[in-house]
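K.L.:
Got a structure for you, written out below as structure tokens; questions coming shortly.
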Amino acid sequence: MTDHAERDADGRTIEISHPGKVLFPDDGITKQDLVDHYLAVAPVMLPHTRRRPVAMRRFPDGIGEDGFFEKKVPAHFPDWVHRIEVSTEDGHQEHVACDDAATLAFLADQACIEPHVWLSRDDDLAHPDQLVLDLDPSVEDLRTLRRAVRAAGELCEELGLTSYLKTTGSRGYHVQVALDRSATFETVRGVARAMADTLADRDPEHVTTQQRKERRGDRIFVDYLRNAHGQNAIPPYAVRARPGAPVATPLDWEELGTAAPDGCTIRTIGRRLAQKEDPWRNIASDRHSLVEASRRLERLREG
């Protein structure tokens, strides 16, 4: 096994240690495959990761062993990796930001399979630019899950919000709204909770906001909890630490009926990007205030 390889990105040479190390044992997917994936998707992924603190989910021994989340930048990371200082209960801490392809590749070399990002950016960490509803099934029932996801998109439309859809690369889907950063996390979380409650009230047989798994039964959990300061979400085109190396994939709404939550993988996403424009390419121009949406939502819930 070659113990060294190199890739060029952003004028830097990224050294890959143990490139043949298998990170996905059932699939033979190696660390070099992971690095190459992140370099390939960088043009469409970076708009969703730049200037956001990252929580790194690392698997040094591959997904067959326990991984761990790491937020604080390790001392050995090179100076050229952008850092963002965030407030913590103990003071301050520096997080990585994936601002360029070289950083994505470097993190992959560090066995960071999943770079989870904040919902706010470094110039105003207190005001999110995204609202996320995470629809997570309790049982494998794609038809019911898709119906609930469709209902979430329709609710956004009722509220005058343009919604964007992506697979999580795991078991569910994210319905996401771009925000203009006029609202605090507290306000955004309140709106997200009211939206989740509305979906559960409209279909209590299939949808719930119960946080405790034993109270959900077979229902789909609409998770609004990540809409909070310091919380994070998997960004578009990130790999998940699951068999097959599925990829969180933006979708057009018309694709919901055929795209499984883990349907795109590290081995198929390149073909998709070659054949289809990125469905989230215009998300930055669709930013919303939640003022009118909150009014509409209040009227819906009162009615």
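Using the working numbering, you'd call the opening residue of the sequence shown number 425 and step up by one each time.
All C-beta atoms in this analysis are idealised placements derived from N, C-alpha and C, irrespective of residue type, glycine included.
Small disclaimer: the values here were computed from a predicted structure and weren't measured.
Hey, could you find the ends of the beta strand (DSSP E) E439 is sitting in?
P.N.:
Start at 1 with the first residue of the sequence shown, and residue 439 comes out as number 15. Looking at the DSSP string, the run of the beta strand (DSSP E) that includes E439 is R436 to S441.
K.L.:
Give the list of continuous beta strand (DSSP E) stretches no shorter than 3 residues that lie fully inside the region 504 to 554.
P.N.:
507 to 512, 515 to 520 and 536 to 542
K.L.:
Hey, could you find the ends of the alpha helix (DSSP H) V612 is sitting in?
P.N.:
Numbered from its first residue, the sequence shown carries residue 612 at position 188. From DSSP, the alpha helix (DSSP H) with V612 extends over F609 to R626.
K.L.:
For D457, which of helix, strand or coil comes out of DSSP?
P.N.:
In the sequence shown, the residue the question calls residue 457 occupies position 33. When secondary structure is reduced to three states using DSSP, D457 falls in the helix class.
K.L.:
Here's the rule: buried if 16 or more other CB atoms are within 10 angstroms of the residue's CB, otherwise exposed. What is G593?
P.N.:
Numbered from 1 along the sequence shown, position 169 holds the residue referred to as residue 593. Buried.
K.L.:
Under DSSP, the beta strand (DSSP E) around L447 begins and ends at which residues?
P.N.:
Within the sequence shown, residue 447 is the residue found at index 23, counting from 1. Taken as a continuous stretch (DSSP letters only), the beta strand (DSSP E) holding L447 covers V446 to F448.
K.L.:
I need the straight-line Cα distance from M480 to Y661, nearest angstrom please.
P.N.:
In the sequence shown, residue 480 corresponds to position 56, counting from 1. In the sequence shown, residue 661 corresponds to position 237, counting from 1. The straight-line gap from Cα to Cα measures roughly 15 Å.
K.L.:
Put Y462 into one of helix, strand or coil per three-state DSSP.
P.N.:
Mapped onto the sequence shown, residue 462 falls at position 38. DSSP places Y462 in helix when its eight states are reduced to three.
K.L.:
Tell me which same chain residues have a C-beta within less than 8 Å of the C-beta of E489, skipping the five on either side of it?
P.N.:
Within the sequence shown, the letter at position 65 stands for residue 489. Non-local beta-carbon contacts of E489 in its own chain, meaning distances under 8 Å to residues more than five positions away in sequence, involve F483 in chain order.
K.L.:
Could you check how far apart the C-beta atoms of A521 and R475 are, in whole angstroms? I think they sit under 8 Å.
P.N.:
Within the sequence shown, residue 521 is the residue found at index 97, counting from 1. Within the sequence shown, residue 475 is the residue found at index 51, counting from 1. Rounded, the Cβ-Cβ distance is 6 Å, consistent with contact.
K.L.:
Determine, using beta-carbon pairs with one atom in the region 673 to 684 and one in the region 693 to 708, whether at least three such pairs fall under 8 Å.
P.N.:
yes
K.L.:
For D604, which of S544, V478, H506 and E678 has the nearest alpha-carbon?
P.N.:
In the sequence shown, counting from the first residue as 1, residue 604 sits at position 180. It is S544.
K.L.:
Comparing alpha-carbon positions, which option in A624, M619, G687 and H540 lies nearest G596?
P.N.:
Residue numbering aside, residue 596 sits at position 172 when the sequence shown is read from its first letter. Of the candidates A624, M619, G687 and H540, the one whose C-alpha sits nearest the C-alpha of G596 is G687.
K.L.:
Have a look at L531 and V541 and give me their C-alpha separation to the nearest angstrom.
P.N.:
Start at 1 with the first residue of the sequence shown, and residue 531 comes out as number 107. Start at 1 with the first residue of the sequence shown, and residue 541 comes out as number 117. Rounded to whole angstroms, the gap between the alpha carbons of L531 and V541 is 13 Å.
K.L.:
Under a three-way DSSP split, which group does A698 fall into?
P.N.:
Along the sequence shown, one-based indexing puts residue 698 at 274. If DSSP states are grouped into helix, strand and coil, A698 belongs with the helices.
K.L.:
Compute the Euclidean distance between the alpha carbons of D533 and I440, then round it to the nearest angstrom.
P.N.:
Residue 533 sits at position 109 when you count from the first residue of the sequence shown. Residue 440 sits at position 16 when you count from the first residue of the sequence shown. A direct Cα-to-Cα measurement between D533 and I440 gives close to 6 Å.
K.L.:
Taking the continuous alpha helix (DSSP H) assigned at R720, which residues delimit it?
P.N.:
Here residue 720 is taken as the residue at index 296 of the sequence shown, counted from 1. Annotation for R720: the continuous alpha helix (DSSP H) segment containing it runs V715 to E726.
K.L.:
Please identify the residue among H519, N651, D485 and P502 whose C-alpha is closest to the C-alpha of K496.
P.N.:
Position 72 of the sequence shown, counting from 1, holds the residue named residue 496. Out of H519, N651, D485 and P502, H519 has the C-alpha closest to the C-alpha of K496.
K.L.:
Less than 8 Å between the beta carbons of I644 and L559, yes or no?
P.N.:
As a position in the sequence shown, residue 644 is number 220, starting the count at 1. As a position in the sequence shown, residue 559 is number 135, starting the count at 1. Yes; because the gap between Cβ atoms is below 8 Å, this pair is in contact.
K.L.:
Look up D432 in the DSSP assignment and give the residues it is bridged to.
P.N.:
Residue mapping note: residue 432 aligns to position 8 of the sequence shown, counting from 1. Bridge partners of D432: T437.
K.L.:
Tell me the DSSP secondary structure of A683 in three-state form.
P.N.:
Position 259 of the sequence shown, counting from 1, holds the residue named residue 683. Correct three-state label for A683: coil.
K.L.:
So, does the region 712 to 721 touch the region 579 to 587, judging by three or more C-beta pairs under 8 Å?
P.N.:
Touching, yes, given that three or more Cβ pairs across the two stretches are closer than 8 Å.
K.L.:
Once the 5 residues before and after L458 are set aside, which same chain residues still bring their CB inside 7 Å of it?
P.N.:
Position 34 of the sequence shown holds residue 458. Same-chain partners within the cutoff: L447, A532, I537 and V663.
K.L.:
For the beta strand (DSSP E) that contains V599, what are its first and last residues?
P.N.:
Translated into the one-based positions of the sequence shown, residue 599 becomes position 175. It spans Y597 to A602 - the beta strand (DSSP E) in which V599 sits, taken as one unbroken run.
K.L.:
Cβ atoms of D621 and A575: under 8 Å apart, would you say?
P.N.:
For this step, residue 575 is matched to residue 151 along the sequence shown. For this step, residue 621 is matched to residue 197 along the sequence shown. Contact flag unset, no.
K.L.:
Can you tell me where the beta strand (DSSP E) with V573 in it begins and where it stops?
P.N.:
Locating residue 573 in the sequence shown gives position 149, counting from the first residue. Looking at the DSSP string, V573 is not in any beta strand (DSSP E); the run it does join, the alpha helix (DSSP H), is L566 to E582.
K.L.:
Give the C-beta separation of I453 and I690 to the nearest angstrom, bearing in mind that I take them to be a contact with Cβ-Cβ under 8 Å.
P.N.:
Within the sequence shown, numbered from 1, the residue matching residue 453 stands at position 29. Within the sequence shown, numbered from 1, the residue matching residue 690 stands at position 266. About 6 Å; that satisfies the 8 Å criterion.
K.L.:
With distance defined between alpha-carbon atoms, name the residue in A466, Q517 and V599 nearest to D524.
P.N.:
In the sequence shown, residue 524 corresponds to position 100, counting from 1. Checking every option, the nearest Cα to that of D524 belongs to A466.
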